[in-house]
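Those protein sequence lines, which keep their order, are chains A and B.
Residue 151 in the working numbering is what sits at position 151 of the first sequence, and the numbering runs on without skipping anything.
Take any residue in the second sequence, note its place counting from 1, add 510, and you have its number in the working numbering.
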Amino acid sequence: MIEFISSLVPTNLAAHAPALLVVAPMFLAPIAAFMPNGRLAWILSILATGFSLVMAIVLLSQVRSIDEGAIISYAMGGWTPDAGIEFRIDSLNAMVLLLVSAIGFLAAIFSWPSVAAEIRDAKRAMFYAAYLVCFTGLTGVASTGDAFNLFVFLEISSIATYVLVALGARRDRRALPAAGNYLLMGTIGASFFVVGVGFLYAATGTLNMAELAVRLQAVPDSKAVFAGYAFIVVGLGIKAAMFPLHQWLPNAYAYSPSFVTMFLAATATKVAIYALVRFLFTVFGLEFSFEGSTLIWILMPMGIAAMIACSFQAVFQTDVRRTLAYSSVAQVGYMLLGISIGTAAGVSAGMFHLVNHALIKGALFMALAGVVLSYQGTSLNDLKGLGRSSPWTMTAFAIGAVSLIGVPLTAGFQSKYALVNALFEHGWWWAVAVVMFSSLLAVVYMGRILEAVFFRTPSNPNKRRQEAPLIILIPLWILALGNIWVGVQGGFVAGLADDAAAALFIGGAS
Amino acid sequence: MSGELAIALALILPLVICAGIWLAGSVPDLREGVTLIGAAALFVVAIVIASQVGSGGSPELSLGEAVPGLEFAFKAEPLGALFALVASGLWIVNSFYSIGYMRGNRERNQTRFYMCFAIALFGAMGVALSANLFTLFVFYEILTLSTYPLVAHKGDANAQRGARIYLMTLLGTSIGFLLVAVIWTGALAGSLDFVPGGLLQQAEGLTPVVASALLLLFAFGVGKAALMPFHFWLPNAMVAPTPVSALLHAVAVVKAGVFTILKVAIYIFGEEILNATASREFILGVACFTIIVASLIAMTKDNLKARLAYSTVAQLAYVTCGAMLADPAGFMGGSLQIAAHAVGKITLFMCAGAIYVATGKQNISEMRGLGKRMPLVFIAFFIASLSIIGIPPLAGDWPKYELMQGAADADLDYVPYVLIVSSLLNIAYLLPIPILALMPPPGSGEPAPFKRAGGAPMLTVAAPCFTALLCFLMFFSIGPMSDFLAPATGERDPAVYMTTGGQP
């Protein structure tokens, strides 16, 4: 199917796919802002993200055209590196781009009823413009091969995100402090990152990531490189909500508009993790990251701490969105744990979980958006008995929930299985115990929600309640069935993750 | 019928039945017709599979890989064929019983009830026929999830509490321990297939310590085997309607648990490695402890279903015990116990349900003299009790005999004593029930009149009588059964193997 879609795209268009993927939504964003009404902006954003999705598919087929994974280097504007900015797509980028654009496309489709209900009429066009800018930033981070350009895209996406989160203020005023908090933390993170990049530039005199990787080999013991390394890990750690730098995330997820929560949960932290992995493995190299430094003693314990502490916090939340937000931080812990193993199997498991978690949380938050639309509340109390009045929405929610727990035949099971397998192969059997314990906590916190949804009577039976509209249900079920599909026939996604990990290890060796 | 087709049918039929029940949901007679015809068809398929296995074949079916290395594969072998036969055969009897019970009791949500039942059978068939640990684990979880709505069927606070404990214990142990054990096995051996003689033979770097840890994870990870201290879900699951307790918590679910233990012992560890694994004796001790302590607890219970539940916990530990004896006679005893206990315990549960439908009584102390009003039910109860105790000529005699043989072969002197004490305890907590009901001591008052006009529905009486008869018949079919199972359990030295060729 990938080959079929990419064969439909004209070759001269396909040749510029790396640029078009990012640039198209960027140019459509200001146009969306000037649209006379929100509905037109909505259609525009569907077109933009849909176009990006096609480009991402084209890129994937190009990358997969040879067995060991091609690397597509695209010099922006014809300016070759070092002077110009290079977009560099390998199997890992292609995977992340496909994920972000696919989720972005589904999110754009589903957004209208939710946005219409939660955003004031006059602001809707601007809202979609901000969404497209955010989308541009995320895809930009995932395609650029230039360290400073990565910072720029990171900030583009972040600033748009602050706006999007703050727009939740109409539903809940607490969105404003949440956005402020996020702004503060996000800016600190970005500043750390750019300081780190500055150190690396001082030590090597280049900003191109591939070139950095080569030149860093020559200065392995430089204090500046170590400092840069520390700044970059911490900076990206904040963006990726690495424990204990995750404090911005629960409020930002809980109070922003439903659509924004869904999009951010499925993509934003994932892209930050991509950037982290890219720096750890490609730029600094395996040897530096894992032997020359004490990284393993930061990433792994932080991952494990997140898996336990935040799962516990998720158990004690009364608002379902906050439960899911804490669970997101815990799931980031799984990915970090997989990455910190430092073997191809471990990184592959981390990447596999990254994709699956996007499917899981996308489905869960999308279903919650449907709930908000018809019921105006997301506390555990509000969800009681919803299984009867909106069975389709809630069945999809349940699929996402069991997938999050890691029940067999769902995506979550496959990636946890891969992770545990990688842990055993590496001899970290004690970490297996942690993974299992955290999974049990997931049973507890998702079980509470499912029980309320399906086995309790509504606490307020007079309140209006109904199924989410079809335009939410269709993308929701695409995601839910995606969970099942990966659980039963996970070869495609597992293959993507394997290729991505392989690309990192080949890149690290060169 | 080719083997591939038979296995595919065994898996598809329950799902088709489930869909049929859903479609026919508004016409109860048609709905029950779908269940009965489907159950009968499934039983025929199970017979076909068993006959192929009996003639030396091994039907296989592969449904492709979920991810590389994890294959959905099915392969029938004697043990699984027997389990499939028992589960599907007793499903027919139980369906008749369910019709009488559910209608007699005017239960709500009957369509959901029968649908979940069909899915549970789907899970049981998958467990029985799985060719590797991954497939087994997947169906094991399907079985857990599909039975949760059945346990919570009544929907009141008590049922919800019981169902929550049920789900949390089974999911918790399976995710926390069993899954770890499965993945660890895969990492050690590079495969998850059930291999005659033991998959772990091909594992490199298997130290006794690792093997011990692995065995512990398996034994306690299979929560459905109800080994203490993970037995408490079973008494709690008794809030379910009695047909559920009868088929699922005496046959399909719990037997899937002990079946998994046997499979792991025979096909993953194998006799040789199991004997060299230190934790084997510990688990054997736990199993013996469970047998005695659960029986003692059963004596203290006045609620009939609770007493039967603890009795089930004790009887399940027989199978674990047999698996941990790690010799052919032990394996044989465990395998026979799966079938023998199934027919015995389902009878007891169905009798309990019949009494409840007719009189609304659940406590043993209120059943005095009730035998006058429902003689057939209590006679069936009496026969099944004798079978559970292990008195010939009833089915329950053989497993005990084989287990004692196995213990003697393994030079474990204390195990036969445990089995004997267990039999005595069985007598103490089971026999008084039918005896006091049928022959009340002089001076005890007249039993309470029936709550339901006309007493127990005919079907709820006929079904336990039929299974009681099965207890009797199974005693005499031991020869073919042990011949059938022998390829899986391994051969004992024929000179001392008394059941070869039939009766001792």
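Beta carbons are placed, not taken as given, at the ideal position from N, Cα and C, and that holds for glycine.
According to the DSSP assignment, B:Leu980 belongs to the alpha helix (DSSP H) that extends over 968-986.
Interface annotation, A:Gln414: in contact with chain B, CB-CB separation under 8 angstroms. The closest CA to that of A:Glu425, considering only B:Glu570, B:Arg671, B:Ala699, B:Trp601, is found on B:Ala699. When DSSP reads this structure, A:Tyr74 sits in a beta bridge with A:Phe87. Taken in chain order, the members of the region 397-409 of chain A whose beta-carbon sits within less than 9 angstroms of a beta-carbon on chain B are Val402, Ile405, Gly406, Val407, Pro408, Leu409.
Within the region 479-496 of chain A, the residues whose Cβ lies closer than 8 angstroms to some Cβ of chain B are Gly487, Val488, Gln489, Gly490, Gly491, Ala494, listed in chain order. For A:Phe151, the secondary structure class from DSSP, reduced to helix, strand or coil, is helix. According to the DSSP assignment, A:Ala32 belongs to the alpha helix (DSSP H) that extends over 17-33.
A straight-line Cα-Cα distance of about 41 angstroms links A:Asn181 and B:Arg671. The three-state secondary structure of B:Leu571, taken from DSSP, is strand. Rounded to whole angstroms, the Cβ separation of A:Ala401 and A:Leu364 is 7 angstroms, and the two are in contact under 8 angstroms. By the criterion of a C-beta distance shorter than 6 angstroms, A:Leu473 is surrounded in its chain by Trp392, once the five residues flanking it on both sides are discounted. Using a CB distance cut-off of 8 angstroms, A:Leu440 counts as an interface residue toward chain B. Among the residues facing chain A, B:Trp694 is included, as its CB has a counterpart in that chain under 8 angstroms away. Around the beta carbon of B:Ala750, 16 or more other beta carbons sit within 10 angstroms, so the residue counts as buried. At a C-beta separation below 9 angstroms, B:Gly686 has these neighbours in chain A: Ala433, Met436, Phe437, Ser439, Leu440. In this structure, A:Asp221 is the residue among A:Asp221, A:Val320, A:Gly427, A:Phe192 with its C-alpha nearest to the C-alpha of A:Thr204. Around A:Leu44, the same chain offers Leu28, Ala32 as residues with beta carbons nearer than 6 angstroms, after the five sequence neighbours per side are excluded.
In the DSSP secondary-structure assignment, B:Ala583 is bridged to B:Ser572. Nearest CB-CB separation between B:Gln712 and chain A: not below the 8 angstroms threshold.
By the neighbour-count criterion, in which a residue is buried when 16 or more other Cβ atoms sit within 10 angstroms of its Cβ, B:Glu781 is buried.
B:Phe644 and B:Gln872 have their alpha carbons spaced roughly 40 angstroms apart. Within the region 70-95 of chain A, no residue has its Cβ closer than 8 angstroms to any Cβ of chain B. Setting aside the 5 residues that flank it on each side, A:Ala325 is surrounded in the same chain by Leu249, Pro250, Tyr253, Ala254, each with a C-beta closer than 7 angstroms to its C-beta; the list follows chain order. Ranking B:Glu581, B:Pro952, B:Phe742 by CA distance to the CA of B:Arg878 puts B:Pro952 first. With respect to the C-alpha of B:Leu688, the residue from B:Phe704, B:Ala697, B:Val732 having the closest C-alpha is B:Val732. When CB distances to chain A are screened at a threshold of 7 angstroms, not a single residue of the region 611-644 of chain B falls below it.
By a beta-carbon distance limit of 8 angstroms, A:Phe193 contacts A:Leu154. Their separation comes to about 7 angstroms. For a cut-off of 8 angstroms, the C-beta gap from A:Val100 to A:Leu138 is around 5 angstroms, short enough to register as a contact. For B:Phe647, the nearest CB of chain A lies under 8 angstroms from its own CB, placing it at the interface with that chain. Contact note: A:Val420 reaches chain B through Leu689, Val690, Ile693, using a C-beta cutoff of 8 angstroms and chain order. Using beta-carbon distances, A:Val315 does not count as an interface residue toward chain B, since no partner is under 8 angstroms.
Distance between A:Glu467 and A:Asp382, taken at the CA atoms: about 15 angstroms. The continuous alpha helix (DSSP H) containing A:Trp429 extends over residues 429-455. Leaving aside the five residues that flank B:Ser605 on each side, the residues in its chain whose CB is nearer than 6 angstroms to its CB run, in chain order, Thr545, Leu546, Ala549. Residue environment analysis places B:Pro967 among the buried positions, since at least 16 neighbouring C-beta atoms fall within 10 angstroms of its C-beta.
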